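Shown next, in structure tokens, is the structure this report addresses.
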Amino acid sequence: MIFPPLIFFLMVAFFLTALVMLPLLILGMIGEAFMRLGISPSLIFWLLILTLLGSLVNIPIYRFENRELVGERVVSYFGMRYRVPRLERGQATILAVNVGGALIPVALSGYLISQINFGVSLPILLAVVTVVVNRLARPVRGMGIGVPGLAPPLVAALGAYLVCAPELRAPCAYIASTLGILIGADLLNLGQIRQLGAPVASIGGAGTFDAIFFSGILAVLLS
Numbered sequence: 000m001i002f003p004p005l006i007f008f009l010m011v012a013f014f015l016t017a018l019v020m021l022p023l024l025i026l027g028m029i030g031e032a033f034m035r036l037g038i039s040p041s042l043i044f045w046l047l048i049l050t051l052l053g054s055l056v057n058i059p060i061y062r063f064e065n066r067e068l069v070g071e072r073v074v075s076y077f078g079m080r081y082r083v084p085r086l087e088r089g090q091a092t093i094l095a096v097n098v099g100g101a102l103i104p105v106a107l108s109g110y111l112i113s114q115i116n117f118g119v120s121l122p123i124l125l126a127v128v129t130v131v132v133n134r135l136a137r138p139v140r141g142m143g144i145g146v147p148g149l150a151p152p153l154v155a156a157l158g159a160y161l162v163c164a165p166e167l168r169a170p171c172a173y174i175a176s177t178l179g180i181l182i183g184a185d186l187l188n189l190g191q192i193r194q195l196g197a198p199v200a201s202i203g204g205a206g207t208f209d210a211i212f213f214s215g216i217l218a219v220l221l222s
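Following numbering that gives the first Met the number 0, the numbering of the sequence shown begins with 0 at its first residue and continues without gaps.
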């Protein structure tokens, strides 16, 4: 018979074990996903390090100058109230590219494309994921473009099953998922950057980095 104190200690031990094992499980899944792409374990380690560190680095590429906005103010003059137009200066926004969320996934996708003949399956799947992401993406004021994390990998994995050969499903799903988010969420919404009210709008950065990183991994595992 197990007494309540022992149950308590067992629960604490189970919780601590789960706390330690969960990061290892996630890293194992990430490693498995990259190995399905034909990447060596040593290169996987450096890719993860560079991706996580690169997520902190944004490279400025363009500056949207302050836009003069026409506003109004009310002026009282001898008991009469008048509406007088005035000019207000909007906040400047810097457009940047995130190293971990854009440059590294694009470089890896470019490498895979140069090594594998996908035929027409990849363009078809990429177009589908891009359209779906663009429909789901929403501008988040003060941050950037937000994307639901589960939709891109599910669409990419399902599409890879339908249009890609079995040996091409993993790389096809990865490329379609990551590039589909970058194109559908960030590039096709560049026109909304000035309305976000954020000092920095990062392609592959806040709002889309998590979706890009984990969607690529999940897409490969699901495929």
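Idealized CB from N, CA, C, for every residue including glycine. If you're wondering where the values come from, they're calculated on a predicted model, not measured in any experiment.
- Non-local C-beta neighbours of I180 in its own chain, meaning closer than 7 Å and more than five positions away in sequence, comprise V132, V146, P151, T207, A210, I211 and S214, ordered along the chain.
- In this structure, DSSP gives I123 a helical state, which the three-state scheme calls helix.
- DSSP places S113 within a helical segment (H, G or I) once states are collapsed to three.
- Comparing alpha carbon positions, the residue from G53, C163 and Q114 closest to I202 is G53.
- Straight-line measurement puts the Cα of Y160 at about 32 Å from the Cα of G143.
- Between the alpha carbons of A136 and E166 lies a gap of roughly 31 Å.
- Uninterrupted alpha helix (DSSP H) stretches at least 4 residues long and entirely within the region 151-181 occur at 168-180, given in chain order.
- Note that the C-beta distance between A106 and N57 is not below 8 Å.
- Excluding its 5 nearest sequence neighbours in each direction, V154 has C-beta neighbours in its own chain below 6 Å: V128 and V131, listed in chain order.
- Counting only the Cα atoms, L111 lies some 14 Å from L46.
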